[in-house]
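Participant: Position one of the sequence shown corresponds to residue 551 (my numbering), numbered consecutively onward.
Each residue gets a CB set at the ideal place from its N, CA and C atoms; glycine is no exception.
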Amino acid sequence: MLVCFAFLPVDAGQAADQPAGATADRSGTGFLKPRLAKRKKTRAVSRLAPVISGSAIVVPRLSLPARPQAVSATVGLLQQPVTPPPTRDPGKLRKITTISPFHDYSPLGQARVSRTPQEAGLGDAKFPGRAFQSRIYHWKPSDLYHFPLYFEDPTLERYGHTHHRLLQPFVSATRFGTQLIGLPYQMTIDPIRKKTYTLGWYRPGEPAPMQYYQVPWNTAAAMAQGGVMTGLFFLIP
């Protein structure tokens with residue numbers, strides 16, 4: 551490529567007075583008039599603009615931000631709310647009125663699993679009878695024994711037969727007083743160290759009828775009871 555340069559006559563004084571960057575004006579007949587060159591407006595070039603290097607175009611690589619590092623577990627633990635330690639001061643404990651007294655209450659808020667299956671209705675239909683083979687069950691009482699119970703009420707304590715709730719206290723008090731007075735009679739029939747077994751009573755679960763147990767007659771026991779009562783009569787003034 552050939553470049554041609556043209557030289558025009560310019561006054562040395564005027565050329566010296568021209569400021570830097572001035573260009574010549576071709577208007578007029580005399581020497582060229584100095585004129586300031588207009589500055590071109592420059593725009594910010596994008597960082598991604600291609601750079602010309604020889605005959606090849608080089609595109610700069612986009613600088614991506616660094617990959618975020620994993621947050622350590624300690625930072626996550628610090629951001630969690632701190633649970634206060636359990637208090638041992640009785641004044642700071644929860645009131646009993648704030649506790650739900652229900653059968654399905656759970657302190658952890660988890661639903662409880664029922665341990666018993668739900669009952670299903672059997673309906674009103676009659677079930678046909680089944681012929682089971684009869685078996686004989688031999689019951690044997692336990693080998694445990696106890697000493698005589700002189701103030702026992704078998705009708706009430708063993709079988710649960712009671713009188714009216716207003717009458718029962720007086721019946722029990724009368725029975726206790728009679729047994730206390732006749733204690734020598736009972737101790738003669740059943741000595742203190744006599745072994746007593748459960749054989750002869752109704753077993754648990756069997757229908758026990760209401761019965762009145764009479765006092766068995768014993769001549770030796772009657773004489774012992776009379777002697778004790780006579781001695782107490784002369785002993786106590």
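(1) Hey, would you say residue 694 sits closer than 9 angstroms to residue 748, going by beta carbons?
(2) Where does residue 687 land, buried or exposed, given buried means 16+ other C-beta within 10 angstroms?
(3) Classify residue 735 as buried or exposed, calling it buried when 16 or more other Cβ atoms lie within 10 Å of its own Cβ.
(4) Where residue 622 and residue 669 are concerned, what is the direct C-alpha to C-alpha distance, given to the nearest angstrom?
(5) Taking residue 775 as part of the alpha helix (DSSP H), name the residues at either end of that continuous run.
(6) What do you get for residue 641, buried or exposed, if any count of 16 or more other CB atoms within 10 angstroms of its CB means buried?
(7) Restricting to Cα atoms, I'd like to know which of 760, 742, 775, 786 is closest to residue 704.
(8) I'd like to know if the region 667-683 and the region 709-724 are in contact, where contact means that at least 3 CB-CB pairs between them fall below 8 angstroms.
(9) Reducing DSSP to helix, strand and coil, say where residue 728 ends up.
(10) Nearest-angstrom Cα distance between residue 533 and residue 644?
Facilitator: By the coordinates alone:
(1) yes
(2) exposed
(3) buried
(4) Per-residue confidence for residue 622 stands at a pLDDT of 49, beneath the threshold of 50, marking its modelled position as unreliable; the derived number appears in the next sentence. Taking the straight line joining both Cα atoms gives about 54 angstroms.
(5) 769-785
(6) exposed
(7) 760
(8) No, the region 667-683 is not in contact with the region 709-724.
(9) The answer is helix: DSSP assigns residue 728 an H, G or I state.
(10) Residue coverage of the chain in this structure runs from 551 to 787, which leaves residue 533 outside it and unanswerable.
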